[in-house]
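S.K.: Following this message is one structure expressed as structure tokens.
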Amino acid sequence: MQVICAVALAAGLMTTGTAMAQAHAGTPPTAPVTNNQAGNQAASQAPVPTGPAAEVQRGYAGVKANILKAATEMPDDAYTYKPEPDIRTFARVVNHVSEVQLRICGSVNHKDPADLFKVPAETADKVAIVEALKASFTECDKAYATATDTNLTEMFTLGKATRSRIGALWGNVSHDNEQYATLALYMRLKGLVPPSSEK
């Protein structure tokens with residue numbers, strides 16, 4: 119038994135000594151990194167933008183993806199769905215997102231309200247409603263892209279109120295998140311998995 123232990127110990131020391139010699143000589147003890155892996159590692163280590171403008175841009179990008187996917191994945195015939203007779207249809211909630219985004223982001227972009235995309239009635243078909251939603255996100259893409267840490271305190275007229283750029287942009291993200299929660303609930307009630315819960 120002592121002989122077996124001594125042999126195992128010696129083998130272990132030899133292996134460790136070889137690995138240490140390789141490491142000391144600059145030869146990695148693991149498999150070499152390929153160019154593709156090196157590129158992936160470099161991409162994963164790229165610095166993430168920080169600061170107030172970057173934070174609101176990330177918040178917007180996340181909720182945008184969820185709302186667009188919810189609107190796309192809800193079946194056409196479910197756009198008229200509402201859980202109770204006295205509350206909004208799925209289509210009405212999507213239209214509400216479009217209307218608010220066009221108003222807020224149009225103001226940030228200094229657009230005349232008359233020049234903004236016209237949102238259809240909630241009785242329109244899914245294609246028309248999603249087209250308006252995409253148009254509202256196009257307007258907001260411009261508004262969020264122009265945000266910088268130095269212009270966030272710029273003031274805008276938004277309806278009867280005056281808002282800062284950062285206040286308007288975060289207000290839109292907050293509103294979008296509220297409405298997405300409603301869309302997600304409607305999807306659950308129709309037996310669908312909301313985008314934010316997909317695996």
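Residues in the sequence shown are numbered consecutively from 119, following the numbering used here.
Yeah, the Cβ is synthetic: ideal placement off N, Cα and C, and Gly gets one too.
(1) Return the chain-ordered list of same chain residues with a C-beta closer than 8 angstroms to the C-beta of Lys236, the five sequence neighbours on each side being excluded.
(2) Once DSSP output is grouped into helix, strand and coil, what is the label at Leu276?
(3) Closest to Asp243 by C-alpha separation, out of Thr190, Pro312 and Gly285, would be which residue?
(4) So, are the CB atoms of Ile247 and Asn269 less than 8 angstroms apart?
(5) By Cβ distance below 7 angstroms, which residues in the same chain neighbour Arg206 in space, the five residues on each side in sequence not counted?
(6) Enumerate in chain order the residues of its own chain whose CB-to-CB distance from Asn295 is below 7 angstroms, with the five nearest sequence positions on each side excluded.
(7) Identify which residue in Gln175, Lys229, Thr256 and Phe208 has its Cα closest to the Cα of Asn306.
(8) Applying the criterion that 16 or more other CB atoms from any shown protein chain within 10 Å of the CB defines a buried residue, is Met273 buried or exposed?
(9) Look up Arg206 in the DSSP assignment and say whether it is helix, strand or coil.
(10) Can the beta-carbon of Pro170 be found closer than 8 angstroms to that of Asp259?
M.R.: Judging by the given coordinates:
(1) Taking the sequence shown and counting its residues from 1, one reaches residue 236 at position 118. Exclusion of the five residues before and after Lys236 leaves Ala250 as the residues of its chain whose Cβ lies within less than 8 angstroms of its Cβ.
(2) As a first step, residue 276 is located in the sequence shown; it is residue number 158 there, counting from the start. Here Leu276 sits in strand by DSSP.
(3) The residue given as residue 243 occupies position 125 in the sequence shown. Relative to Asp243, the option among Thr190, Pro312 and Gly285 whose CA is nearest is Thr190.
(4) Residue numbering aside, residue 247 sits at position 129 when the sequence shown is read from its first letter. Residue numbering aside, residue 269 sits at position 151 when the sequence shown is read from its first letter. No, the Cβ-Cβ distance between Ile247 and Asn269 is not below 8 angstroms.
(5) Along the sequence shown, read from residue 1 onward, the residue named residue 206 stands at position 88. Residues Lys200 of the same chain have their beta carbon placed closer than 7 angstroms to that of Arg206, with the five preceding and five following residues left out of the count.
(6) For the purposes of this step, residue 295 is identified with residue 177 of the sequence shown, where counting begins at 1. Val181, listed in sequence order.
(7) Numbered from 1 along the sequence shown, position 188 holds the residue referred to as residue 306. The residue you asked about is not Asn; residue 306 is Arg in the sequence shown. Relative to the Cα of Arg306, the nearest Cα in the group Gln175, Lys229, Thr256 and Phe208 belongs to Phe208.
(8) Along the sequence shown, one-based indexing puts residue 273 at 155. Flag for Met273 reads exposed.
(9) On the sequence shown, residue 206 is found 88 positions in, with the first residue counted as 1. In the three-state reduction of the DSSP assignment, Arg206 falls in the coil class.
(10) Mapped onto the sequence shown, residue 170 falls at position 52. Mapped onto the sequence shown, residue 259 falls at position 141. For Pro170 and Asp259, no; Cβs fall outside 8 angstroms.
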